[in-house]
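Have a look at the structure below before the remarks.
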Amino acid sequence: MNWTRRQALWAGGSIGAAALLTSCGDGDDATSRPADSASGTPRKGGTLRIGALGRASATTRDPHGTQANESDYLIISLVYDTLTAPGLKTNTVGRLASGWKASDDLKTWRFTIAKGAAFHDGSPVTADDVVWSLRRLRNTPSGAARLPGIKADGITADGRGTVVLVSDTPNAELPLLTRLTTFVLKKGTSDKELAKAPGTGPFTLDWFRGGNARLLRNDKWHGGQVHLDAIEVTMFESPQAMANALLGGQIDVASNAGAVAARTAASRKDIQVVRRPDDMAMPIVMRTADGPFADARVREAMRLVVDREAMVKQVLSGYGTVANDILGTGDPAYADDVPQRKRDLAKAKKLLEEANFGLSKTYELVTTEDIPGLAESAALFAGQAREAGIRIKVVKQESGTFYDKTWLKGALYTTYWGTNDSVVFFASKTMVTGAGQNEAGWSEPRFDDTYRKVVGTADAKARAAALRELQKIEHEKSGYLVWGMADGIDLAGPTVRNLPKLPGYGRVQLENVWLAR
Numbered sequence: 005m006n007w008t009r010r011q012a013l014w015a016g017g018s019i020g021a022a023a024l025l026t027s028c029g030d031g032d033d034a035t036s037r038p039a040d041s042a043s044g045t046p047r048k049g050g051t052l053r054i055g056a057l058g059r060a061s062a063t064t065r066d067p068h069g070t071q072a073n074e075s076d077y078l079i080i081s082l083v084y085d086t087l088t089a090p091g092l093k094t095n096t097v098g099r100l101a102s103g104w105k106a107s108d109d110l111k112t113w114r115f116t117i118a119k120g121a122a123f124h125d126g127s128p129v130t131a132d133d134v135v136w137s138l139r140r141l142r143n144t145p146s147g148a149a150r151l152p153g154i155k156a157d158g159i160t161a162d163g164r165g166t167v168v169l170v171s172d173t174p175n176a177e178l179p180l181l182t183r184l185t186t187f188v189l190k191k192g193t194s195d196k197e198l199a200k201a202p203g204t205g206p207f208t209l210d211w212f213r214g215g216n217a218r219l220l221r222n223d224k225w226h227g228g229q230v231h232l233d234a235i236e237v238t239m240f241e242s243p244q245a246m247a248n249a250l251l252g253g254q255i256d257v258a259s260n261a262g263a264v265a266a267r268t269a270a271s272r273k274d275i276q277v278v279r280r281p282d283d284m285a286m287p288i289v290m291r292t293a294d295g296p297f298a299d300a301r302v303r304e305a306m307r308l309v310v311d312r313e314a315m316v317k318q319v320l321s322g323y324g325t326v327a328n329d330i331l332g333t334g335d336p337a338y339a340d341d342v343p344q345r346k347r348d349l350a351k352a353k354k355l356l357e358e359a360n361f362g363l364s365k366t367y368e369l370v371t372t373e374d375i376p377g378l379a380e381s382a383a384l385f386a387g388q389a390r391e392a393g394i395r396i397k398v399v400k401q402e403s404g405t406f407y408d409k410t411w412l413k414g415a416l417y418t419t420y421w422g423t424n425d426s427v428v429f430f431a432s433k434t435m436v437t438g439a440g441q442n443e444a445g446w447s448e449p450r451f452d453d454t455y456r457k458v459v460g461t462a463d464a465k466a467r468a469a470a471l472r473e474l475q476k477i478e479h480e481k482s483g484y485l486v487w488g489m490a491d492g493i494d495l496a497g498p499t500v501r502n503l504p505k506l507p508g509y510g511r512v513q514l515e516n517v518w519l520a521r
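Following this note's numbering, the numbering of the sequence shown begins with 5 at its first residue and continues without gaps.
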């Protein structure tokens with residue numbers, strides 16, 4: 005399984021083309037902000053002990069590889085830098101790149117490497133390092149999805165400080181897409197050298213043992229001052245064990261602890277509950293290419309069966325919001341004027357009858373227990389569907405089996421995504437015809453045409469209109485049933501300050517965190 009797909013920590017949303025076409029990445033748009041307004045003056049020093057989920061059998065050290073563990077991605081994201089990152093004022097700000105500019109036809113993008121950017125061994129980051137890294141990323145099995153429209157030979161250097169990316173088609177959103185695992189290594193790093201390869205990030209690797217790690221402050225990080233002396237990452241196999249470690253004082257932060265842990269900790273005055281709205285979607289995927297859900301009327305019926313308010317209340321313990329079958333709810337251009345779909349069992353039954361849907365059959369809904377609430381959401385939906393005469397059997401699969409046998413192939417299954425600040429991200433990765441992660445096997449010419457119009461239009465007003473149309477088509481015809489959005493929840497001890505509030509990749513950027521006395 006690919007962690008970059010699971011949590012999509014490093015994608016972002018649509019902003020005006022005018023903003024995208026100019027240099028970005030100023031220090032006023034840092035991605036970390038205080039968990040509360042009374043944080044005080046940052047203090048240098050101390051070691052942050054943070055827990056993150058993972059399994060020892062799934063650990064990896066490759067920034068461009070398959071990362072099933074959140075603990076691995078946390079470590080990688082602190083040791084290495086991506087070209088761009090999520091921001092507060094705009095969805096995309098500079099990280100290793102200080103700015104970017106597009107050609108008039110939106111096909112050629114030039115990224116400028118930040119001044120002072122250097123590897124942990126002191127050697128400067130050059131365009132050749134970035135080109136080598138991006139080509140390595142592009143040549144991974146999921147490289148086409150990670151850098152959509154960019155072929156390996158379309159990644160070149162112009163001098164020591166400029167990287168040129170050439171897209172097959174106009175793409176006004178390319179800087180946004182470079183938030184997706186564009187970690188930079190030194191040119192020529194071998195697979196055997198990855199464990200000790202120097203990064204460019206705010207922390208250096210001190211040691212790594214069985215999924216646990218200690219990271220030390222990089223005083224020469226080009227991105228600015230880092231407050232903590234060190235970060236110790238401890239891997240936990242369950243959210244409950246991680247939350248218990250926090251409550252017992254063994255760690256300072258329980259990352260992505262989930263709603264159950266948050267509810268337990270809510271009464272503790274010594275525990276901070278940090279919520280990140282729109283942090284995760286847990287949609288149900290209905291295969292559109294063939295099978296029992298290929299008929300759009302059946303998919304519409306399934307979306308009318310679900311009781312969204314009950315799902316949010318029971319599955320998320322209220323730590324979330326109702327969604328409207330459109331992915332990307334945190335996008336500034338999210339079409340919140342599309343009428344909210346509500347439960348209508350009578351209409352659902354009529355649509356099923358018109359489609360000659362086999363109500364005498366039992367349909368399997370495949371799920372996993374990869375994240376808190378996912379399997380519970382499947383069980384609750386199955387019960388709701390029975391009220392419309394639809395028989396659903398929930399089948400739980402181990403994570404590895406699910407991604408080998410069900411993901412991208414199954415007729416009905418749950419999935420989850422941890423980035424909800426970009427409609428275009430989901431369109432490019434999961435919905436256009438032939439997308440590498442097209443979970444529903446969906447192919448809709450009108451959607452494809454509208455997507456190309458969105459990413460190929462420089463005029464902000466015209467793009468906004470096309471983006472709204474794109475969301476309407478998704479709402480009406482896609483293979484997704486998006487019932488709600490879960491809050492991301494970190495639990496923290498009383499001395500922790502300035503934990504990130506952004507979802508996705510933004511939440512693992514801990515360089516601005518500090519510890520009060």
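We treat Cβ as the ideally placed atom computed from N, Cα and C, and that holds for glycine.
With a CB to CB cut of under 7 angstroms and the five nearest residues on each side skipped, what residues in its chain are close to proline 206? Leu82, Asn222, Trp225, Gly227, Val230, Glu515
Does the separation of the CB atoms of tyrosine 417 and valine 486 fall below 8 angstroms? no
If I measure Cβ to Cβ from arginine 291 and keep anything under 6 angstroms in the same chain, skipping five residues before and after, which residues do I get? Phe297, Ala415, Ala444, Gly445
Meets three-Cβ-pair contact criterion under 8 angstroms: the segment 398 to 408 and the segment 423 to 437: no
Beta-carbon contacts of aspartate 32 that lie in its chain and below 8 angstroms, excluding the five residues immediately before and after: Note on aspartate 32: pLDDT 39, under 50, position unreliable in the model; no value is reported.
For serine 81, name the three-state secondary structure that DSSP assigns. helix
From the DSSP output, which residues share a beta bridge with lysine 397? Glu368
Any idea which residues DSSP pairs glycine 253 with across the strands? BP columns for glycine 253 are empty, so no partner.
For leucine 363, count the other beta carbons within 10 Å of its own beta carbon; 16 or more makes it buried, fewer makes it exposed. Which is it? exposed
Which stretch, first to last residue, makes up the alpha helix (DSSP H) that contains tryptophan 136? 131 to 142
I'd like to know if the segment 173 to 181 and the segment 98 to 112 are in contact, where contact means that at least 3 CB-CB pairs between them fall below 8 angstroms. yes
Secondary structure at methionine 246, three-state DSSP: helix, strand or coil? helix
Coil, strand or helix - threonine 268 by DSSP: helix
Nearest-angstrom Cα distance between threonine 410 and phenylalanine 187? 29 angstroms
One question on the structure: do threonine 454 and glutamate 473 come within less than 8 angstroms of each other, judged by their Cβ atoms? yes
In whole angstroms, what separates the C-alpha of glycine 332 from that of valine 428? 8 angstroms
Indicate whether the contact test is met: 3 or more Cβ pairs, each with one atom in the segment 198 to 216 and one in the segment 478 to 493, closer than 8 angstroms. no
Can you tell which of Met286, Phe115, Asp494 has its C-alpha closest to the C-alpha of threonine 86? Phe115
Would you say the segment 333 to 351 touches the segment 255 to 272, given that touching needs at least three Cβ pairs under 8 angstroms? no
Of the residues Thr419, Lys433, Arg345, Val342, which one's Cα is nearest the Cα of aspartate 374? Thr419
Using a Cβ-Cβ cutoff of less than 6 angstroms, which residues in the same chain neighbour arginine 37 once the five nearest sequence positions on both sides are dropped? Note that arginine 37 scores a pLDDT of 37, beneath 50, so its modelled location is shaky and nothing firm can be said.
Would the beta-carbon of methionine 284 fall within 8 angstroms of that of glycine 492? yes
Please return the same chain residues whose Cβ sits closer than 8 angstroms to the Cβ of glutamine 401, not counting the five positions on each side in sequence. Val370, Thr371, Thr372, Lys409, Thr410
Secondary structure of valine 486, DSSP reduced to three states: coil
Out of curiosity, what's the CA-to-CA distance linking lysine 317 and alanine 265? 15 angstroms
To the nearest angstrom, report how far apart arginine 511 and leucine 503 are at their CA atoms. 8 angstroms
Under the three-state reduction of DSSP, which class applies to valine 319: helix, strand or coil? helix
Alpha-carbon to alpha-carbon, aspartate 294 and tryptophan 14: With a pLDDT of only 31 at tryptophan 14, under the threshold of 50, the placement of this residue in the model should not be trusted, and no figure is reported.
Per DSSP, cross-strand counterpart(s) of glutamate 236: Arg53, Arg218
Enumerate, from N- to C-terminal direction, the unbroken beta strand (DSSP E) stretches of 3 or more residues contained entirely within the segment 286 to 318. 288 to 290
Kindly give me the distance between the Cβ atoms of alanine 247 and alanine 269, rounded to whole angstroms, as I take these residues to be in contact under 8 angstroms. 7 angstroms
Quick check on the burial criterion: 16 or more other C-beta atoms within 10 angstroms. Buried or exposed for tyrosine 509? buried
Determine whether the beta carbon atoms of glycine 215 and alanine 60 lie at a separation below 8 angstroms. yes
Beta-carbon within less than 6 angstroms of arginine 47's beta-carbon, same chain only, minus the 5 sequence neighbours each way: which residues are those? Trp518
Just curious, the beta strand (DSSP E) that lysine 105 is in, first and last residue? 101 to 106
Checking 8 angstroms against the spacing of the C-beta atoms, do threonine 88 and arginine 183 come in under that value? yes
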